[in-house]
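**Q** The numbering of the sequence shown is full-length UniProt numbering, which starts it at 1 and goes up by one. C-beta atoms are modelled at their ideal positions from N, C-alpha and C, and glycine is treated no differently. Mind looking over this structure? Questions follow.
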Amino acid sequence: MTVIPTVERNRTKRKVVYVPQMDEFYNQWSEVYDNDGNVLQQLDDYRFKYTLPRLMEEMALSSSKKKIRILDFGCGTGRNLTSFMGMQKDIPGSTFANQGGLWTEVELVAMDISQGMMSKAQAKIAELNSLPSRPDCNCHLSFTWLLYDILSQLPVPPMAKNIDIIYSTLVLEHLPEPCHFFKFARQCINPETGKLYISNMHPDMGEGTSAGYYNTDTGEKVVGYSANHPIENLIELAEEHGFKLLERIEDEVRDADHVGQLGHRAQKWIGVRLLVMLVFGIGK
1 MTVIPTVERN RTKRKVVYVP QMDEFYNQWS EVYDNDGNVL QQLDDYRFKY TLPRLMEEMA
61 LSSSKKKIRI LDFGCGTGRN LTSFMGMQKD IPGSTFANQG GLWTEVELVA MDISQGMMSK
121 AQAKIAELNS LPSRPDCNCH LSFTWLLYDI LSQLPVPPMA KNIDIIYSTL VLEHLPEPCH
181 FFKFARQCIN PETGKLYISN MHPDMGEGTS AGYYNTDTGE KVVGYSANHP IENLIELAEE
241 HGFKLLERIE DEVRDADHVG QLGHRAQKWI GVRLLVMLVF GIGK
């Protein structure tokens, strides 16, 4: 498998500052991550909020067990974790609302390399816990926080084993060799019925940009390590580690109406595929 090197993919005319240490990069980004109008994150949010509940429901209907363990690989500021609170709390429009009737216990293992990002996520969950509870929910929802780097060569923590669903959104771009991720996922996942959900910046978008943020004080774009991984490479790596592809969806900014939903920053991306979503099961 070819390792994709870091390349200059930023078309911005501003000065670009590179932060080599990934935990440091994300600690810095955590201060503005939720407020920079990122188009890719918005597409990813939509895809996640409709796919994860479906995967959970399919798992509930195919098994008699009432407990599910889910691992968020790269939980960040809790962009996805907060969605699960709709199971217990009265959050209008939550796509997770009916999950509280399918499970008696849902354990979320929230993993990240950045303490700055994780602290933001913990604060969001604490705030949502103050909302009124749903009267129709008899499910216990718990969070386990895991600060862990898969490149550290440390053993997989026990809390990250026997996972029913692993999801990772917009993270693989920051790994030089995604094989480490798939190896880790295979060690963690339920070997019989587990599901793996990943999303990543689409290579079409990656040709012209990389993940990062603008420092509002200096006007500089701040970036960390970024690789433009071909989709077929990711699928091949997953299969090499015992997974089989179940779903593949590629999302783009469709038209001007779609820009209206996503914000003005989406205008330049009309007709360009920005996001790829892949769902894997266990290979037989």
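Taking the alpha-carbon of Phe48 as reference, which of Ile249, Ile270, Lys268, Val272 has the nearest alpha-carbon?
**A** When each option's Cα is compared against that of Phe48, the closest is Ile249.
**Q** Just confirm the distance between the C-beta atoms of Ala185 and Met201, as a whole number of angstroms; I'd bet it's less than 8 Å.
**A** Contact doesn't hold; Cβ gap of about 19 Å is too wide.
**Q** Kindly confirm or deny that the segment 160 to 174 and the segment 67 to 78 touch, where touching means at least three C-beta pairs closer than 8 Å.
**A** With the cut-off at 8 Å, the segment 160 to 174 and the segment 67 to 78 touch.
**Q** If we ignore side chains and look at the alpha-carbon of each, how far apart do Asp164 and Asn190 end up?
**A** The alpha-carbon atoms of Asp164 and Asn190 are separated by roughly 5 Å.
**Q** Decide if Tyr167 is buried, meaning its Cβ has at least 16 other Cβ atoms within 10 Å, or exposed.
**A** Buried, because 16 or more other Cβ atoms sit within 10 Å of the Cβ of Tyr167.
**Q** Per the DSSP calculation, Met277 is bridged to which residue(s)?
**A** In DSSP, Met277 forms a bridge with Ser199, Ile249.
**Q** Just to confirm my understanding: we take Ala67, look at its own chain, exclude 5 residues before and 5 after, and list those with CB closer than 8 Å. What are they?
**A** Ala is not the amino acid found at residue 67; the sequence shown has Lys there. Excluding sequence neighbours, Lys67 sits near Trp103, Thr104, Glu105, Val106, Glu107.
**Q** How is Ala238 classed by DSSP in three states: helix, strand or coil?
**A** Helix, per DSSP.
**Q** Are the beta-carbon atoms of Ser110 and Leu81 separated by less than 8 Å?
**A** A small fix is needed here, since residue 110 is Ala in this sequence, not Ser. Closer than 8 Å, so yes.
**Q** Is the segment 216 to 230 close to the segment 255 to 263, with three or more CB pairs under 8 Å?
**A** Contact between the segment 216 to 230 and the segment 255 to 263 is absent, because fewer than three Cβ pairs lie under 8 Å.
**Q** According to the Cβ coordinates, are Gly78 and Gln88 closer than 8 Å?
**A** No. Outside cutoff.
**Q** If Ala238 and Glu173 are in contact, beta carbons under 8 Å, what's the gap, nearest whole angstrom?
**A** Incorrect: roughly 16 Å between the Cβ atoms, too far for contact.
**Q** Given a threshold of 16 other Cβ atoms within 10 Å of its Cβ, counted over all protein chains shown, does Val39 qualify as buried or as exposed?
**A** Label assigned to Val39: buried.
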